[in-house]
Amino acid sequence: MSKLILFVYTCFSLNLNASYKSEVYSAFISNNMMKWKSAIDRMSASSAMTDEQLLELVNYQYGYIALCLGNNKSDEARKYLDLARKNLDFISVNKKNTSMVNSYKSAFYGYRMALNKILAPFLGPKCLECARFAVSSDRENPFAYVQLGNIRFYIPASFGGSKKEALGYYLTALKLMENNEKNNTENWNYLSLLTVIAQSYYYINDFQSSIKYLDKILKLEPGYDWVRNELYPKVLKKMNG
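The sequence shown lines up with residues 1 to 241 when you count with the numbering used here.
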C-alpha cells in the first residue's frame, strides 16, 4: 500500500510541476504578472517539496522578480526576493546543486544592487565571485554562463561592462542549453535567453543577427507578445533606418 501511495504522489508531483511550468511559460510570453504571481504563490503553499522542486520555485521567483523590476514594482520585487533568498538558503543546507545555488546567489546580488545602487561596491564583487564559482562547479551549466553574461551586460562600461562580452557568455549558455533540446519545450528560460541574445546583437549594432534570432523566437513561439509587437519592429526600423 505504501508503494502505491508513493507512486501516486510521484505522479501527482510530476503533473503539478508540469502545470506550473506551462503556466509560468504562458505568463512569460504574455507578460502577465498576475498569472506568474499566482503560480508561484500556489507552488509556495505546497506542504512538502523536494530540493529539485524548491529549486524550480526559486527559478520562477527569479523570473518574477525580474518582471517586477522591469515594471518598476520595487516593493513587490523586494518581497519576492526575500522569499527566494530564504528558499535558496534552505536548499544550500544540503550542499547540493552547488552550481545552480551559486548562479541564483549571483543573480540575487544583482537584484539587490538594482534595488539599491549604493550597495554596488559591496555586492558587485560577491555577484561576480558567485557567478565564477557557479561556472567552475559545473562548466556544463548554461544558467551559470547567463549570470556572467548579465554581469557584463548590465554594469557600466567604465566598470568593465561590455555588451559584446556579455553576448559571448549568452551564446555559450545557448549552446549548452540546446544540447538538451527536450528541456527547452515551454521553458521560459530558453525563450528569455534567445531574447537577450537578440537584444545584445541590437546593442552592438548587428541588426541582421538580431533579426535572425527574433525570427527564431517567433517561429518557436508566435504568441510572444513583446517580441512580436515591440522588439521586432524596433530592430527592423533601426536596420532599415
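Glycine residues also receive a C-beta, built at the ideal position from the N, C-alpha and C atoms.
- In this chain, the alpha helix (DSSP H) harbouring residue 43 covers 33 to 44.
- Between residue 162 and residue 130, the gap from beta carbon to beta carbon reaches 8 Å or more.
- At least 8 Å separates the beta-carbon of residue 91 from that of residue 81.
- Under the three-pair Cβ rule at 8 Å, the segment 223 to 234 does not count as touching the segment 171 to 186.
- Here DSSP, grouped into helix, strand and coil, assigns residue 179 to coil.
- The C-beta distance from residue 169 to residue 201 rounds to 14 Å, too long to meet the 8 Å contact threshold.
- Spanning the alpha carbons of residue 108 and residue 85 requires a straight line of approximately 8 Å.
- Taking 8 Å as the cut-off, the Cβ atoms of residue 39 and residue 20 count as close.
- The C-beta separation of residue 193 from residue 217 comes to about 10 Å, leaving the pair out of contact by the 8 Å criterion.
- Comparing alpha carbon positions, the residue from 99, 68, 206 closest to residue 137 is 99.
- A Cβ-Cβ separation of about 6 Å places residue 69 in contact with residue 114 under the 8 Å criterion.
- Burial check for residue 25: the Cβ neighbour count within 10 Å reaches 16 or more, so the residue is buried.
- Excluding its 5 nearest sequence neighbours in each direction, residue 60 has C-beta neighbours in its own chain below 6 Å: 24, 40, listed in chain order.
- Counted as a single uninterrupted DSSP element, the alpha helix (DSSP H) harbouring residue 86 occupies residues 74 to 92.
- The shortest C-alpha to C-alpha distance from residue 45 to any of 120, 236, 87, 133 is the one to 87.
- Using a 10 angstroms sphere on the CB of residue 118, the tally of other CB atoms stays under 16, which defines it as exposed.
- Rounded to whole angstroms, the Cβ separation of residue 30 and residue 225 is 6 Å, and the two are in contact under 8 Å.
- Take the alpha-carbon of residue 93 and the one of residue 206: they are about 44 Å apart.
- Your pair residue 150 and residue 110 checks out as a contact, with CB atoms roughly 6 Å apart and the cut at 8 Å.
- Residue 174 is positioned such that its CB atom lies no closer than 8 Å to that of residue 211.
- In terms of Cβ geometry, residue 214 and residue 28 do not form a close pair [threshold 8 Å].
- Across the structure, residue 208 and residue 171 are spaced so that their CA atoms are roughly 16 Å apart.
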